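Chains as they are written, first to last, in the UniProt record's numbering: chain P, 1 to 373; chain E, 1 to 316; chain H, 1 to 301. A virtual CB, placed ideally from N, CA and C, is assigned to each residue, including glycine. Bear in mind that the values here come from a model prediction, so they are computed numbers and not experimental data.
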């Protein structure tokens, strides 16, 4: 039985890797094309395919054309493990994605066992890169860094009674707890700490309860659909406490949902927006994206997926190989200060992006996101 | 020539067992999912199919089994497969406690209560109840199972684990179907009052069906935890329960072969439809609707029980 | 105490929406004994159609906020009603004589279909209703500011409940509906066109769901293609709580569910809100197995 099993396993591996010798360089893209985060995934696909087209017009990689193979993870761990297994059979060098941390986590072992590089674009949970996986990278920063920036911002603004609200997702709760612990270290009292249920429309109950606790500053670590509703309903209640959000609120839809009047003065943390990058790469990318799809990318995470693609392409070129081990080694050691769309990119040994990525933004009365000095 | 159904089933099963030799790991993993859902569907079939109780919260029991395995393995180092009986017992015990007061509810009222149950379990898991479920992160780093010193890790390995479990389930449940217990459940599904009148303790039988189905789902949870190595509350949402419900009803409530076919259709079709890209779930919804319309009793409804009457009517 | 009343009105506002959706749910159930899982998606369709008509016709610019919205509501009701009739013809009629749960699976299939159809037509992004449709200034009740839209939603659900109740109790068609609800075969023998009755029910139920979707859009602003599933489930819970098949029951169940959620979140735990609501539901059903206003008839399955 054991023999048969290993024979079967061997055969599976053979099928999995035989496609490497083909005449295109294949790069996978795994994102939530359907489900609740479909807007992120569909834009990820637009960004990566646009960059791949540009690369192919310039002659591709190692003299071959680049083919992007996308799979839908539906924002669901089980779907994601199927998608990962499907990608693992297609002879890809690496995969870009995905958005949610728990979704990425469900696929890490599959890619690792298949010897495929994974460059996550939105998965900020700390533990993902603490497992010692050789081929895991991410272009987004980690939650602990965001927690630090959040606390520093709060203490700089001089607020004394903080309310922290999360949505019980892995990401938002992690960030909320990180911020809570940091604030405790600075002796800034947290007067309210609780979770809302994402996907609802009415958050008046939560706002009423939070208001009763009397905070002078609110930090919401969840996502933009809820943040928009919170801001709007807060305004309707006539409560003018300052609000700050984490990087999951960074989406122009936020202003549309809440209205410009309700978002004015709202602070949030995020990797810099494409419009605030003065590098030629970013400018030409945004222009090309606008030309093709009619508007600039709405969310930063698809752009980070684009950075993942560009880094991977650069590493394949630099290592002059499509062998994941060589490409991965190149990314960790030789690739330094690569001019990404979202700033300079280098990776440490764990595959995390090095450097301060987070910036503080504020929404002005026009609903524009303004970079704070 | 009439080929006995048993031989056909055996032959199909043999072909299935050879599948990993020709399929790539993606399709093997799809078959793994189907196998797992077939086991879960069969366990739900006891409650929904045989006993006819409207139960749309089966993922709760599955979750409890999976979490029992995850906690025992990651916190106490118990080997994964050893947790199998514990998971089954934990889920069965939970079912016993929860089902006791609600078992008398009828039809749609039972349906909403079971939906409530699965939601309460999911919310409890997200809120890190008793500090042991890991909240929304879930539990990660679950060991791969070992069988006779062999570490099961590739989809191809899991294929044999899952489908042998499924085979065992089919065997045991077909024995159950024709036992006194199975016949009693059918009776109370068809006519509860008459069953009660014939001396069947309906409440006890209903409860027993619930507990048995739950325990089996709990054991399937162990296999799921071992396969994923990470579990989180999202994997056990209300929608999972809905999927299981569709498997049983679409396949043919009360028929083992029907339920397995249901698992192939409900779990397999979205994979077949992947070529439709973002329209795939649209076609999936349509397929569900039309299959149900064309086979209104389910694709393979159970045949009426037939009995040979030896020695009757032959005269003396 | 002020917080308590504030939370109570929060609960009533949410409950009013649940009630509005539950009315359509319970109406369909009353006649067909069908749990229409696609009802939530008809609600979503109403929200999207409302927005499309609003922006393309610009009615509110010409005839003012209230009248414009009133006309739009009628149009949305008409369109969603037609979709409801088609849904019944295609997905449910062939299953009328089959086991009840077969129709439930067909409804689930329809729900998946609708949800993805909306996604394909409109895209996966969030849509936002214009903010300035109705005057923003709140109305003062006992000195407490209450947003105008909240009052409108509550009034709309009460008005719809009463007119639906009167329609079912007092009119000829209503009598036919009640007859068909009790025994379709006997109703047919009495010369009632049961198919027509079901068609009417499947026009009114979805129409109510659709207009509720539009009101949610106007009130909260933000809509997306997955929102119906959650609202549908809440409405089903509300209908069961009140006693499914019973029109005043849907109203009571909806308002009660909203209040339980708000008070549970305010005084016990926000994160456990939905679990608290389900625990209360289960406790109520243990004491009253057919819901608050449900009739205590022995159901023969």
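Integer Cβ distance of residue i from residue j, believed to fall under 8 Å
i             : j             : result
residue 75/P  : residue 32/P  : 4 Å
residue 219/H : residue 284/H : With 8 Å as the limit, residue 219/H and residue 284/H do not qualify as a contact, their Cβ atoms being about 28 Å apart.
residue 259/E : residue 248/E : 6 Å
residue 139/P : residue 345/P : 7 Å
C-beta atoms of residue i and residue j nearer than 9 Å
i             : j             : result
residue 289/H : residue 109/E : yes
residue 198/E : residue 60/E  : no
residue 102/E : residue 260/H : no
residue 205/P : residue 271/H : no
residue 65/E  : residue 209/E : no
residue 68/E  : residue 222/E : yes
residue 374/P : residue 340/P : No information on residue 374/P is available, as it lies outside the stretch 1 to 373 that chain P covers here.
residue 285/P : residue 274/P : yes
residue 172/P : residue 246/P : yes
residue 55/P  : residue 66/P  : yes
residue 244/E : residue 58/E  : yes
residue 134/P : residue 106/P : no
residue 111/P : residue 95/P  : yes
residue 355/P : residue 343/P : yes
residue 375/P : residue 136/E : The requested residue 375/P does not occur in the structure, where chain P is confined to residues 1 to 373.
residue 102/H : residue 38/H  : no
residue 189/E : residue 254/E : yes
residue 212/H : residue 21/H  : yes
residue 165/P : residue 218/P : yes
residue 211/P : residue 189/P : no
residue 145/E : residue 193/E : no
residue 35/H  : residue 104/H : yes
residue 292/E : residue 106/H : yes
Buried versus exposed, by CB contacts within 10 Å (16 or more), residue i
i             : result
residue 227/H : buried
residue 189/H : exposed
residue 21/P  : Note that residue 21/P has pLDDT 46, beneath the 50 cutoff, so the model's placement of it is unreliable and the number below is only indicative. Counting Cβ neighbours within 10 Å, residue 21/P comes out exposed, since fewer than 16 surround it.
residue 122/P : buried
residue 1/H   : exposed
residue 294/P : exposed
residue 235/E : buried
residue 56/H  : exposed
residue 3/P   : At residue 3/P the pLDDT is 45, less than 50, meaning the model places this residue with poor confidence; the figure from the coordinates comes in the next sentence. Exposed, by the Cβ-count rule.
residue 82/H  : exposed
residue 327/P : buried
residue 280/E : buried
residue 4/H   : exposed
residue 129/P : buried
residue 243/H : buried
residue 237/H : buried
residue 163/H : exposed
**OP:** Using a Cβ-Cβ cut-off of less than 7 Å, list which residues of the stretch 85-100 of chain P approach chain E; keep chain order.
**Re:** 85, 86, 88 and 89
**OP:** Could you please tell me which residues of the stretch 52-69 of chain E, in chain order, have their CB closer than 8 Å to any CB of chain H?
**Re:** 52 and 54
Subject >> Unbroken stretches of the beta strand (DSSP E), 3 residues or longer, contained in the stretch 189-254 of chain P >> reply: 190-195, 217-220 and 243-245
Original post:
For the stretch 128-142 of chain P, which residues have a CB atom closer than 9 Å to at least one CB atom of chain E, in sequence order?
Top reply: 131
Original post:
In the stretch 101-112 of chain H, which residues sit with their C-beta less than 9 Å from some C-beta in chain E, listed in chain order?
Top reply: 101, 102, 103, 104, 105, 106, 107, 108, 109, 110, 111 and 112
Original post:
In the stretch 268-291 of chain H, which residues sit with their C-beta less than 7 Å from some C-beta in chain P, listed in chain order?
Top reply: Per Cβ criterion, the list reads 270, 271, 273 and 274.
**OP:** Taking only runs that begin and end inside the stretch 300-359 of chain P, name each unbroken alpha helix (DSSP H) of 4 or more residues, in chain order.
**Re:** 300-319 and 324-329
**OP:** Can you give me, in chain order, the residues of the stretch 182-207 of chain P that have a beta carbon less than 8 Å from any beta carbon in chain H?
**Re:** 194, 195, 196, 197, 199, 200, 201, 202, 204, 205 and 206
**OP:** Determine which residues of the stretch 231-248 of chain H have a Cβ less than 8 Å from any Cβ of chain E, and write them out in chain order.
**Re:** 233, 236, 237, 240 and 244
**OP:** With 9 Å as the limit, tell me which residues of the stretch 153-185 of chain E have their beta carbon closer than that to any beta carbon of chain P; keep them in chain order.
**Re:** Answer set for the stretch 153-185 of chain E: 153, 154, 155, 156, 157, 159 and 160.
Subject >> Members of the stretch 37-48 of chain E near chain H, C-beta cut-off 7 Å >> reply: The stretch 37-48 of chain E vs chain H, Cβ under 7 Å: nothing.
Subject >> Short-range partners of chain E found in the stretch 83-101 of chain H, where Cβ spacing is below 7 Å >> reply: 91, 94, 95, 98, 99 and 101
**OP:** Would you list, in sequence order, the uninterrupted alpha helix (DSSP H) runs of no fewer than 4 residues that lie entirely inside the stretch 136-180 of chain P?
**Re:** 143-157
Subject >> Within 8 Å of chain H by C-beta, residues of the stretch 235-258 of chain E in sequence order >> reply: So the list reads 238, 242, 245, 246, 249, 250 and 253, given in the order they occur along the chain.
Original post:
Taking Cβ-Cβ distances below 8 Å as the criterion, which residues of the stretch 71-89 of chain E are in contact with chain H?
Top reply: none
**OP:** Select from the stretch 112-125 of chain H all residues with a C-beta closer than 7 Å to any C-beta belonging to chain P, and list them in chain order.
**Re:** 119, 124 and 125
**OP:** Identify each residue in the stretch 146-160 of chain H for which the Cβ-Cβ distance to at least one residue of chain A is less than 7 Å, and report them in chain order.
**Re:** In the structure shown, chain A cannot be found, because the protein chains are P, E and H.
**OP:** Identify every run of the beta strand (DSSP E) within the stretch 147-235 of chain H, keeping only runs that are complete inside it and at least 3 residues long; order them along the chain.
**Re:** none
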